[in-house]
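Chain order of the listed sequences is C and R. So the first sequence is numbered by this note's numbering: it starts at 18 and just counts up by one. So the second sequence is numbered by this note's numbering: it starts at 3 and just counts up by one. Backbone N, C-alpha and C define an ideal beta-carbon position, used for all residues, glycine too. Report on the structure given below.
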Amino acid sequence: MSLIESLPRVRRLRLPRADGLIPWIVPLAIILLWQVACVTGFVSARVLPAPSDVALAGWKLLLSGELVRNIWVSFWRASVGFLIGGSIGFTFGLANGLSQLSSKLTDTTLQMVRNIPHLALIPLVILWFGIDESAKLFLVALGVFFPIYLNTLHGIRTVDPQLIEMGRIYGMTDGELFRRVIFPGALPSIFVGLRFALGIMWLTLIVAETIAASSGLGYMAMQAREFMLIDVVVLSILIYALLGKLADSASRALERLTLSWHPAFQKH
Amino acid sequence: MQEALRFRPADAEAVDQPEFVKQARLLRRDADALLRGLSLTIRGLRKSFGANEVLRGIDLHIPAGQSVAIVGRSGCGKSTLLRLIAGLETITAGTISFGEETRAEDVRVMFQEPRLLPWARVLSNVEVGLGRERTSPDAQARADSALVEVGLDDKRAQWPAVLSGGQKQRVALARALVSRPRVLAFDEPLGALDALTRISMQRLLERVWQDQGFTAILVTHDVAEAVALADRVLVIEDGRIAHDIDVNIPRPRRRGSAELAALEGSILKNLLQGTEDTSDL
């Protein structure tokens, strides 16, 4: 009895620390190996600069203020584009999930547009918007629209009809039914769409910035390539990785917060 | 030690309950039944789904506060009858009328699946059962007392996902009871539970029915359950009431007693005879 009781307590004490560290073991080991390979001359600095050089380049850019400015510009484009595309996708997802008429009217069109790779529109977008902010926002918005739309629609359509019947029996109004049954039921699927959309958001933005921009992380990387500053190119790539991880962590945290009822998110 | 002290009065009551306590309880139940149960009259009820006629003329009167079990083979229309009574399907022909004017909260259904909202805590799931009154200030207190009634007040803050099948079904019962319904319709409520949980749930259903005096309509495929719980058993065959049997066995009924077994046997024989006649056994 006492042994069984003491077991979970021991685990609880030991795990949180290790839990936080384990995911970082592999990235840290890679950086270490990379540093060793560069210092020993196994990898030429013209192919891949050492992590220490990359860090140094980052420090210089940070001091000049260029790094913060570029990150901020990219971050602003990503979030505004995401908000625009995401809210339109969410609205269409809700409308088409809840209303037959709306679905009949727009779903076929949207499914056709969905099959056009949105990056194929870059030449057209440059012609329309030039290399202005609106070009990047348009592309990001278009990119995040579809995963959010599709998953919101799917989530709403797959809410357990028995629960909806239950809600009706217990006299819920349409608004209440949406708020208490349909929306919470669709939420897990909406989150899947959110995480897909975040990935597409970065991808679109980086491509758009490398092709047509005068600021931002993608632009910084392209400029560095022109001047053969490999350390800055590598730095930009690493910052993408970090920003991507940050966006993913944020959506996970939101998931944990709102889906705490879900067996998959319950703490044991 | 404290626990022992707390449990003693209850034990004592169970062992030698004075006669007047039983009498008082019976009297209260009768008074409640007059107040609370609704009578139900069905005339010439028919229901078809397309060309398939499921109910072919049901005539039935259920007095207020009676508990009626509806048995029959699967596909005989017993669940459809229940759904019509609960207002979940539209009537093809005929009428269903309750003794007096009803509110939406007066008729409640309990299904085979608990149908709890997984994203709402147990207490808010019970509050759903209050219908339009769920925003009233005493909603939480009423939900709490319904949970006490089914013995789950300690689970009020849990998510449904952590409850066992029987506990979920008890929460569903609390949700059905919280609006103090006058007719409670059960659609195979114990069908998905294991044998032991079934028996304790049957006791719980019997107890709340006796305490609250609502009119109970229980659809089940389990004849033993029907004779153990109901005042009256209806056997439905081919969309019609084939047998209407009064169960005049005094409560509390002892499970496995000879009387119950004999009655169960004769009902089962009726059901099986129907099968042999159409020779699809």
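8 Å Cβ cutoff, residue i in contact with chain R
i      : result
C:P178 : no
C:V198 : yes
C:G188 : yes
C:M183 : yes
C:W278 : yes
C:P164 : no
C:P68  : no
C:P134 : no
C:P201 : yes
C:A270 : no
Contact check, residue i vs residue j, beta carbons under 8 Å
i      : j      : result
C:G110 : C:P164 : no
R:L119 : R:R158 : no
C:G106 : C:V64  : no
C:S253 : C:L234 : yes
R:I219 : R:I87  : yes
R:L273 : R:V229 : no
R:Q171 : R:P116 : yes
R:Q114 : R:D196 : no
C:A281 : C:L215 : no
R:L42  : R:F100 : yes
R:A112 : R:A174 : Residue identity differs from the one stated: residue 112 of chain R is Met in this sequence, not Ala. Going by C-beta atoms, R:M112 is nearer than 8 Å to R:A174.
C:H135 : C:L159 : yes
R:T222 : R:Q68  : no
C:M237 : C:V249 : yes
C:A229 : C:A152 : yes
R:L57  : R:G241 : yes
R:L206 : R:V128 : no
C:R197 : C:G184 : yes
R:E55  : R:R45  : no
C:N168 : C:S206 : yes
Residue-chain proximity (residue i, chain D), Cβ-Cβ < 8 Å
i      : result
C:Y257 : Structure shown: chain D not included; protein chains present are C and R.
Residue closest to residue i, alpha-carbon to alpha-carbon, out of the options
i      : options                       : result
C:R86  : C:L49, C:K262, C:S232         : C:S232
R:T176 : R:W161, R:V73, R:T104, R:R144 : The question names Thr, but residue 176 of chain R is Ala in the sequence shown. Nearest C-alpha to R:A176: R:R144.
R:L179 : R:Q68, R:Q214, R:R200         : R:Q214
R:D224 : R:S50, R:L62, R:K80           : R:K80
C:G172 : C:S277, C:A112, C:P68         : C:A112
R:R134 : R:I251, R:S181, R:R117        : R:S181
C:I148 : C:E226, C:V198, C:G184, C:L73 : C:E226
R:A232 : R:R242, R:E239, R:N250        : R:N250
R:V109 : R:V235, R:E239, R:L186, R:H63 : R:L186
R:R105 : R:P183, R:S268, R:M112, R:L42 : R:P183
C:L127 : C:S116, C:Y166, C:G102        : C:Y166
C:A95  : C:S266, C:D36, C:L260, C:T275 : C:L260
R:A66  : R:E102, R:R256, R:G131        : R:E102
Chain C contact for residue i (CB, 8 Å cutoff)
i      : result
R:W211 : no
R:L119 : yes
R:A194 : no
R:L90  : yes
R:E55  : no
R:V111 : yes
R:E115 : yes
R:A106 : yes
Three-way DSSP call (helix, strand, coil) for residue i in this model
i      : result
R:A163 : helix
R:H63  : strand
R:L118 : coil
R:V152 : coil
C:F213 : helix
C:P25  : Low local confidence applies: a pLDDT of 47 at C:P25 is under 50, so the model's placement there is unreliable, and no value is given.
R:S41  : coil
R:E190 : coil
R:G101 : coil
C:L65  : coil
R:G133 : helix
R:L236 : strand
C:F155 : helix
Review point. In chain order, what residues of the region 124-144 of chain R put their CB closer than 7 Å to some CB of chain C?
Key: So the list reads V130, G131, G133, R134, given in the order they occur along the chain.
Check your understanding: In the region 202-233 of chain R, which residues sit with their C-beta less than 8 Å from some C-beta in chain C, listed in chain order?
Key -> Residues passing the 8 Å Cβ filter: none.
Review point. Using a Cβ cut-off of 7 Å, which residues of the region 145-175 of chain R contact any Cβ in chain C, in chain order?
Key: So the list reads W161, A163, given in the order they occur along the chain.
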